[in-house]
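The sequence shown maps to residues -9 to 561 in the numbering used here. From the three backbone atoms N, C-alpha and C, an ideal C-beta is built for every residue, glycine too. Note that the structure is predicted; figures quoted are calculated from it, not measured. Working notes, structure below.
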Amino acid sequence: MRYEKLAEVYDKLASTTKRLEKISILSGFLDDVKKEDSDIMYLLEGRIYPSYDERNIGISNQIAIKAISKSTGTPSKKVISLWKKKGDLGEVSKELTKTKKQMTLASHVLTTQKVVDNLRKLPELEGKGTIEKKLSLITELLTSASPIESLYLIRTLIGDLRIGVQESTIKYAILRAFFNDNKEYEEDLQNAIDRSNDLREVFEYAIGKDIKDLEKIKLEVGKPIKAMLAQKAKDIDDAFKHLGAPLGVEYKYDGFRLLIHKKGDKITLFTRSLENVTRQFPEVIGYIKEFIKGDSFILDSEAVGYDRKTKKYTDFQAISQRIRRKYDIGKLSDKLPVEVNIFDVLYYNGKSELETPFKERAELVRKIIKEHPYKLIASKMIITSERKEVESFYKKALKDNQEGVMFKNLESPYKPGRRVGNMLKMKPEESELDLVITGGEWGTGKRSGWISSFNLSCKSGDEYLEIGKVGTGIGEKENEENKVTFDELTNLMRPLITKEKGKEISVRPKIVVTVHYQDIQKSPNYKSGWALRFPRITSIREGDKPLSEIATLEEVEKNFLEQRSRNYKYG
Ligand code: AMP
């Protein structure tokens, strides 16, 4: 397919914020996509591989500037000054290409496949002359691009497509394009997406317009799968009301989710955001080999940090570095040991266990592992119908430095990636939200060189809306009282900067953080209409929690209403 056709669709999608319109534009387009062009499914999300694949396009603004300069014959300085004015390198490229195109006569036709082919070579390049080679692959595309094509090429390269399309938008577009918008098939389609995590694969099965074909998409060991998510329980009675009695109650560990895949000798570890963290946890690989029986499996677990001396459990932030740090791994695993708590099994010895009732899955977990406390154990669980028993178990969990408890319906299947309500969480009332950083401000004086203030946003549909700024409670030195540090945040944000104006910057929404605050107020100062009072970033969830799981505007409002009813009760 001509890339121009896709670029026009991007443009249409970007021109509306209405979800239904986006779905209708996309479904019309998908109707025209042929099976051999199925890589377009990746391009629609600004990618060249499925979302879990680590091979990113990853082009810095600097390289993009050079490529624009080379392909349009414009000095870099001018490209930069236009960028400062427009705040979008894509728009800069579009404008400069327009002027240039008036002078050149013929241009080549760019196809989506050519774009994918060139972009796929970028992450493969290594060693001497890499930058030059990258530049020439990009300039080759840009020189044959029309203005609108160059706009979306640049945005794809720097990872900021700005068309407001999420996986769910694509799902509804597939449902409409191939299954007549039959809502009865939505669940099957969603299940297929959750098993596959690869929209190209789903598209290739959906294009035949037979919903049964989607069943051919199977769980694959070694390919990441989304973890099942929890909803909130108000209290113990609420949990019994929703899940029935008896139910399973487990510790809610304050660590990070770890999905363990094993096939023969090959073990792979994934976080909840599908990041491959195998290399970061050599000791865990050892535990799995030694303490778990089976030729192939996918297990769900939570890794929790503890203090080697006191044997006390620590909180997530204390071990969050273990997910992100790619060097000194041996030292770090000595300093910050983790215990793996296994609580579910999705696949075992060649058979999917997704449909097996939870009670049997929990029994299987306990059959196949040999427990070694402070290394690898089955999660602490009771099965009970007694309120009192739950109460004392909950207290024990808190005393053990854990967050609270999880309630699990004993008959339910495992639903990857979904908050279906057969797993509920309960923790002490706390004012916290998972938010994303969308901007900030460079510091001055002692803090120059660091980003020293951070803009926090929640989401609403495809948009990110600011809800506060935070600059206090952040550490200046590594490991200072276990705080998040300026250094860490600045390093994570630097490659994501999309706009700079004086000291203020905007960044591509990527870094998810947990924020504690005193209360929420209505506020005209922020786009969300809300402001957090005294927010504090308590942990960086980058690599752990995906962007799709940050707080929504509805959740913010719910927290506000809850806080108000608490104040009535106690105030
Ligand atoms: P939250 O992050 O507050 O939405 O809580 C859900 C998270 O709790 C899951 O994603 C897991 O990482 C974690 N968790 C801790 N203990 C358990 C457990 N026993 N069963 C399931 N999830 C758990």
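Q: Can you check the segment 330 to 417 for any beta strand (DSSP E) of at least 3 residues that lies completely inside it and give the ranges in chain order?
A: 366 to 368, 371 to 374, 394 to 398 and 413 to 416
**Prompt:** Any chance the CB of residue 343 is under 7 Å from a heavy atom of the ligand AMP?
**Reply:** Incorrect: residue 343 has no Cβ contact closer than 7 Å to the ligand AMP.
Item checked: Cβ contact (3+ pairs, closer than 8 Å) linking the segment -4 to 16 and the segment 136 to 151 -> yes
| task | Check whether the Cβ atoms of residue 415 and residue 231 sit closer than 8 Å, and answer yes or no. | result | No, these two residues do not count as a Cβ contact at 8 Å.
Report whether the distance from the Cβ of residue 292 to the nearest heavy atom of the ligand AMP is below 7 Å. Taking non-hydrogen atoms of the ligand AMP into account, the C-beta of residue 292 is found less than 7 Å away from one of them.
Quick check: the Cα distance between residue 549 and residue 424, rounded to an integer number of angstroms? 12 Å
Leaving aside the five residues before and after residue 472 along the sequence, list all residues of the same chain whose C-beta is less than 7 Å from its C-beta, in chain order. 307 and 308
Nearest-angstrom beta carbon gap, residue 535 and residue 396 [assumed within contact, 8 Å]
That pair is no contact at about 17 Å.
Report task. For residue 551, collect the residues of the same chain with a Cβ closer than 6 Å to its Cβ; drop the 5 residues on either side in sequence, then sort them by chain order. Result -> none
Worksheet item: Which whole-angstrom value describes the C-beta separation of residue 254 and residue 339, a residue pair presumed to lie in contact below a C-beta threshold of 8 Å?
Response: The Cβ separation is near 12 Å, so there is no contact.
Between which two residues does the beta strand (DSSP E) containing residue 247 stretch?
-> 246 to 253
**Study point:** Range of the contiguous beta strand (DSSP E) that encloses residue 489
**Key:** 487 to 491
* Whose C-beta lies closer than 8 Å to the C-beta of residue 515 among residues of the same chain, with five residues either side of it excluded? -> 521
If you pair each beta-carbon of the segment 21 to 35 with each one of the segment 120 to 127, do three or more pairs fall below 8 Å? Counting Cβ pairs under 8 Å, fewer than three are found: no touch.
With distances taken Cα to Cα, identify the nearest neighbour of residue 250 among 335, 319 and 40. 335
(message) In the DSSP output, what is residue 235 paired with across the bridge?
(response) Answer is none; residue 235 lacks a bridge partner.
*Which word fits residue 508, buried or exposed, when buried means at least 16 other C-beta atoms lie within 10 angstroms of its C-beta?*
exposed
_Just to confirm the assignment, what range does the beta strand (DSSP E) spanning residue 459 have?_
453 to 460
**OP:** Using beta-carbon positions only, say whether residue 207 and residue 192 come within less than 8 Å of one another.
**Re:** yes
Using 8 Å as the threshold, is the segment 96 to 110 in touch with the segment 522 to 533, meaning 3 or more CB pairs across them?
As far as the Cβ criterion goes, the segment 96 to 110 does not touch the segment 522 to 533, which means the pair count is below three.
For residue 559, which of helix, strand or coil comes out of DSSP? Residue placement at residue 559 is flagged as unreliable, the pLDDT there being 49, under the threshold of 50; the coordinate-derived value follows with that caveat. Here residue 559 sits in helix by DSSP.
Cβ contact (3+ pairs, closer than 8 Å) linking the segment 269 to 276 and the segment 394 to 412
Short answer: they don't touch.
Cβ of residue 454 within 8 Å of Cβ of residue 426?
yes
- Query: Just the Cα atoms here: how many angstroms apart are residue 36 and residue 152?
  - Reply: Whole-angstrom Cα-Cα distance: 9 Å.
The beta strand (DSSP E) with residue 571 in it runs from where to where?
Nothing about residue 571 can be reported from this structure: the residues present for the chain run from -9 to 561 only.
Selected residue, minimal CA-CA separation from residue 103, among 38, 205 and 137:
38
Does the ligand AMP have even one heavy atom less than 7 Å from the beta-carbon of residue 415? yes
Closest to residue 135 by CA distance: which of 367, 189, 84 and 169 is it? 84
Assuming residue 288 contacts residue 211 under a Cβ cut-off of 8 Å, what Cβ separation, rounded to an integer in Å, is found between them? 6 Å
Assuming residue 459 and residue 445 make a contact with CB atoms under 8 Å, what is their CB distance in whole Å?
-> Rounded to the nearest angstrom, the Cβ distance from residue 459 to residue 445 is 5 Å, consistent with a contact under 8 Å.
Tell me the rounded alpha-carbon separation between residue 132 and residue 188. 28 Å
Handout entry: Expected contact under 8 Å - CB spacing of residue 79 and residue 58 to nearest Å
Key = 7 Å
- Measuring alpha carbon to alpha carbon, tell me which of 491, 465, 452 and 531 ends up nearest residue 542. 452
The alpha helix (DSSP H) with residue 532 in it runs from where to where? Looking at the DSSP string, residue 532 is not in any alpha helix (DSSP H), and its letter there is neither H nor E.
Residue 541: CB within 7 Å of a non-hydrogen atom of the ligand AMP
no
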